[in-house]
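Residue numbers (the working numbering): 45 to 140.
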Amino acid sequence: MQITISGHHVELTDSLKDYVENKLSRLDKHHGQITSTNVILSVEKMRQKAEASIHVSGKDFFADCESDDLYTAIDALTDKLDRQLLKHKEKISSHR
Numbered sequence: 045m046q047i048t049i050s051g052h053h054v055e056l057t058d059s060l061k062d063y064v065e066n067k068l069s070r071l072d073k074h075h076g077q078i079t080s081t082n083v084i085l086s087v088e089k090m091r092q093k094a095e096a097s098i099h100v101s102g103k104d105f106f107a108d109c110e111s112d113d114l115y116t117a118i119d120a121l122t123d124k125l126d127r128q129l130l131k132h133k134e135k136i137s138s139h140r
């Protein structure tokens, strides 16, 4: 899985990049066909925002989340993406 992390009005530290990569590696366990992931972390006034788009063979998924803490926004983002991937995986397996 190729992960691209970019920041908008926020400095990307190594610990922040490692945190995002560790959280997104959990998604790869549920759905092994993830080809690329683009993550954008941004700060707008007092709101921290994390958004990501995932490309799976044949389908794209997008999720975004806002919070007061950037780490909390990343956690909620991975939860949303995890639910979307599991739902997609169930649809594929039930049709075959």
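Where is the CB? At the ideal position from N, CA and C, for every residue including glycine. None of these values were measured; they are calculated from a predicted model.
*8 Å Cβ cutoff met for K93 and E65*: Locating residue 93 in the sequence shown gives position 49, where the first residue counts as 1. Locating residue 65 in the sequence shown gives position 21, where the first residue counts as 1. Taking a C-beta distance under 8 Å as the contact criterion, K93 and E65 do not qualify as a contact pair.
*asked:* In the DSSP assignment, the beta strand (DSSP E) including S101 goes from what residue to what residue?
replied: Translated into positions along the sequence shown, residue 101 becomes position 57. Here S101 belongs to no beta strand (DSSP E), and DSSP marks it neither H nor E.
*Please work out which residues of its chain come closer than 6 Å, Cβ to Cβ, to E95, disregarding the five sequence neighbours upstream and downstream, and give them in chain order.*
Taking the sequence shown and counting its residues from 1, one reaches residue 95 at position 51. The answer, listed in chain order, is I84, D108.
*Compare the C-alpha of D113 against each of I47, M45, S86 and name the closest.*
Position 69 of the sequence shown, counted from the first residue, corresponds to residue 113. Ranking the options by Cα distance to D113, first place goes to S86.
*Assign E55 to one of three DSSP states: helix, strand, or coil.*
Taking the sequence shown and counting its residues from 1, the one referred to as residue 55 is at position 11. Three-state DSSP puts E55 in coil, outside helix and strand.
*Would you kindly work out how many angstroms separate the C-alpha atoms of N82 and S50, rounded to a whole number?*
Residue mapping note: residue 82 aligns to position 38 of the sequence shown, counting from 1. Residue mapping note: residue 50 aligns to position 6 of the sequence shown, counting from 1. Rounded to whole angstroms, N82 to S50 spans 8 Å at the Cα level.
*Quick one, which of L68, S137, A117, S59 has its alpha-carbon nearest M90's?*
One-based indexing of the sequence shown puts residue 90 at position 46. Measuring C-alpha to C-alpha distances from M90 to each of L68, S137, A117, S59 identifies A117 as the nearest.
*Exposure label - T57; buried when at least 16 CB within 10 Å*: Your numbering for residue 57 matches position 13 in the sequence shown. T57 is exposed by the Cβ-count criterion.
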